[in-house]
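Student: The structure under discussion is supplied below as C-alpha cells; questions concerning it will follow.
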Amino acid sequence: MKSPINILVISIHISIFLVLGSCGKVVQKATSDSKKVPVFSLSIKVENIELGIEQKNKTATSNTPLLISPKTPSIFSYKYPIFLSLKGYSNNKAHDLAWGKAILKRNNKKEDLKSKPVLPTKNSTLNKVTTTYKGFMYDKKNISVTTAKQSQFDGKFNQSKKEWNFTTNNVKKTYDYYLSVIYTPSANYQMTIIDQAEVSSNKKIMLDTKLINTFKSLVFINAFRTLEFDQSYFNAIDILFDETFFNSLNYIFPKFNKKELAKKNPIFKASDPIIETCITLLELSMIDIKEAIAYINNLDKKFFTDSQKEILLDNIKQFEQTNS
Numbered sequence: 025m026k027s028p029i030n031i032l033v034i035s036i037h038i039s040i041f042l043v044l045g046s047c048g049k050v051v052q053k054a055t056s057d058s059k060k061v062p063v064f065s066l067s068i069k070v071e072n073i074e075l076g077i078e079q080k081n082k083t084a085t086s087n088t089p090l091l092i093s094p095k096t097p098s099i100f101s102y103k104y105p106i107f108l109s110l111k112g113y114s115n116n117k118a119h120d121l122a123w124g125k126a127i128l129k130r131n132n133k134k135e136d137l138k139s140k141p142v143l144p145t146k147n148s149t150l151n152k153v154t155t156t157y158k159g160f161m162y163d164k165k166n167i168s169v170t171t172a173k174q175s176q177f178d179g180k181f182n183q184s185k186k187e188w189n190f191t192t193n194n195v196k197k198t199y200d201y202y203l204s205v206i207y208t209p210s211a212n213y214q215m216t217i218i219d220q221a222e223v224s225s226n227k228k229i230m231l232d233t234k235l236i237n238t239f240k241s242l243v244f245i246n247a248f249r250t251l252e253f254d255q256s257y258f259n260a261i262d263i264l265f266d267e268t269f270f271n272s273l274n275y276i277f278p279k280f281n282k283k284e285l286a287k288k289n290p291i292f293k294a295s296d297p298i299i300e301t302c303i304t305l306l307e308l309s310m311i312d313i314k315e316a317i318a319y320i321n322n323l324d325k326k327f328f329t330d331s332q333k334e335i336l337l338d339n340i341k342q343f344e345q346t347n348s
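The structure is reproduced here in C-alpha cells:
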C-alpha cells in the first residue's frame, strides 16, 4: 500500500508532465503558424462572350490552323466550355496551381403577350421569347464550385455585360512567375504572365487580358523552356516586345494542339517563326547588344518589315540604357 506522500509525489509528476506536454503543443502550433506561406487571390475577366449566332471570320478558312485575334471581336462563345489554367514557374520547372471549367447553359422562356388591335377584331396573341444564360463552374474532379478553394476557380457570369469574372484563392506566393491561360476546346486562348514582384506586394490581383499579354506569354513559355531563364529575361521581354512593336505586327496567333488541351494538365506549346525569332533576339540582347543589333539588321523581310526593325532597334537601345 502506497503512502500518502508517494501518492502526492506521483500526482505532482503527472501534473508537470501534462503541463509540459501542453506547452509543447502551443510552441509547435506557434512555430507552424510562423511558417505559414503567404497567399493571394487572382481574378480574371473574360469579356465579349458570344451569346448569339457566331460570325465566322472571313479572313480565316477551314484550312487555316491560326487564330486571327486582332481582327476577331470575340473568341469565346456560350456554345463551348471555357477552361482556365494557372501555372507557377520556379527553379526551371512549371507547377499546376489551379484549374477550372466554365459552362453557360441557355434557357428560352416563351411569354404570351396580348396586343390590342386597332380594328374591332379579336385580340391577337404574340409570343415573346426571353433568353437567359446561367454560368456553372467545375474543378478537375468535375465537382461543382461556388466558392473557390485552393487549386479551384469560381466564376460569375454577367449576361448584360457578356462577361465572366473568374477567381482563384489561396495561391502561394512562392513562385517566380505565374501564367494564366484561358482556352477553349477549339484552341482559342488568352494568356497573361506576371512575376514575383507584382505578386509579393498584393493580396488581390486582377489580370489584364490584352492581346499583347498573350504575345508576351508565348515568348515567355518558349524562352523558359530553351534558355536559362531568370528575372533579367523577363524584364527584357517587356522592353523589347512592347505594345508599339506588337501593334505593328498584325500578329496571327498560332493554335495549340487540341489533343494536348483536352488533358487536365495541358502543356502549352506553340510553334511559330515570329516567336522563335523573338527568342533568338532576346538571348542575343542578354549576351551582346552589338550582336543583337546585327541580327535585327540582317533579318529577312518575311519576318519583320523595315519599320518593325526600326522599332526593335529603338527598343534595343532602351534596353541597353536600362541595363547600363
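Here the sequence shown stands for residues 25 to 348, numbered as in this note's numbering.
A virtual CB, placed ideally from N, CA and C, is assigned to each residue, including glycine.
Quantities reported herein were computed from a predicted structural model and do not represent experimental measurements.
Restricting to Cα atoms, I'd like to know which of Ile311, Asn274, Leu337 and Ile263 is closest to Leu320.
Tutor: Leu is not the amino acid found at residue 320; the sequence shown has Ile there. Considering only alpha carbons, the answer is Leu337.
Student: In its own chain, which residues sit with a C-beta less than 8 Å from the C-beta of Ala316, not counting the 5 before and 5 after it?
Tutor: Leu305, Leu308, Ser309 and Ile340
Student: Please check the pair Ser302 and Phe244, which I expect to be a contact at CB under 8 Å, by giving their CB distance rounded to whole angstroms.
Tutor: The identity of residue 302 in the sequence shown is Cys, whereas the question assumes Ser. Between Phe244 and Cys302 the Cβ distance is about 10 Å, and since that is not below 8 Å, they are no contact.
Student: Who are the near neighbours of Thr198 in its chain, counting only those whose CB is closer than 8 Å to its CB and skipping five residues on each side?
Tutor: Val61, Gly112 and Ser114
Student: Is Phe239 helix, strand or coil by DSSP?
Tutor: helix
Student: Mark Pro297 as exposed unless 16 or more other C-beta atoms lie within 10 angstroms of its C-beta, in which case mark it buried.
Tutor: exposed
Student: For Asn189, report the span of its beta strand (DSSP E) as first-last.
Tutor: Glu187 to Lys196
Student: Measure the Cβ-Cβ separation of Ser101 and Trp123 and say whether it is below 8 Å.
Tutor: no
Student: According to DSSP, is Asp120 helix, strand or coil?
Tutor: strand
Student: Mind checking whether Ser65 and Val195 have CB atoms under 8 Å apart?
Tutor: yes
Student: Check whether the region 152 to 171 and the region 251 to 264 touch, using three or more Cβ-Cβ pairs below 8 Å as the test.
Tutor: no
Student: So, for Gln220: in the same chain, excluding its five sequence neighbours on each side, which residues have a beta-carbon less than 6 Å away from its beta-carbon?
Tutor: Asp200
Student: For Asn132, I'd like the list of residues in its chain whose CB is within less than 7 Å of its CB, leaving aside the five on either flank, ordered along the chain.
Tutor: Val153 and Thr155
Student: When DSSP labels each residue in this structure, what does Asp338 get in the three-state scheme?
Tutor: helix
Student: Taking the alpha helix (DSSP H) that Lys69 falls in, what are its first and last residues?
Tutor: Run containing Lys69: none in the alpha helix (DSSP H); it sits in the beta strand (DSSP E), Val63 to Val70.
Student: Helix, strand or coil: which one does DSSP assign to Thr268?
Tutor: helix
Student: Can you look up Tyr207 in the DSSP assignment and give me helix, strand or coil?
Tutor: strand
Student: Who are Thr156's beta bridge partners in DSSP?
Tutor: Asn131
Student: Do you know offhand how far Thr268's Cα is from Phe280's?
Tutor: 25 Å
Student: Span of the alpha helix (DSSP H) holding Lys282?
Tutor: Its alpha helix (DSSP H) spans residues Lys282 to Leu285.
Student: To the nearest angstrom, how far is it from the Cα of Leu121 to the Cα of Asn237?
Tutor: 20 Å
Student: Can you tell me which of the three DSSP states Leu75 falls into?
Tutor: Coil at Leu75, not helix or strand.
Student: Looking only at DSSP bridge pairs, what is Ala172 linked to?
Tutor: The partner list for Ala172 (beta bridge, DSSP) is empty, contrary to what the question assumes.
Student: By DSSP, does Ala294 sit in helix, in strand, or in coil?
Tutor: coil
Student: Are the beta-carbon atoms of Pro393 and Lys288 separated by less than 8 Å?
Tutor: Examination of residue 393 is not possible in this model, given that the chain is present from 25 through 348 alone.
Student: Would you decide whether Asn212 is buried or exposed? Buried here means 16 or more other CB atoms lie within 10 Å of its CB.
Tutor: buried
Student: Determine the DSSP secondary structure at Phe277, reduced to helix, strand or coil.
Tutor: strand
Student: In terms of residues, what are the limits of the beta strand (DSSP E) holding Gln214?
Tutor: Tyr213 to Asp219
Student: Note down the Cα distance separating Lys117 from Ile229, rounded to an integer number of angstroms.
Tutor: 23 Å
Student: Given a threshold of 16 other Cβ atoms within 10 Å of its Cβ, counted over all protein chains shown, does Ile106 qualify as buried or as exposed?
Tutor: Ile106 counts as buried, since at least 16 other C-beta atoms from the protein chains shown sit within 10 angstroms of its C-beta.
Student: On the CB-based measure, 16 or more other CB atoms within 10 Å of its CB, does Thr192 come out buried or exposed?
Tutor: buried
Student: DSSP three-state call for Asn182: helix, strand or coil?
Tutor: strand
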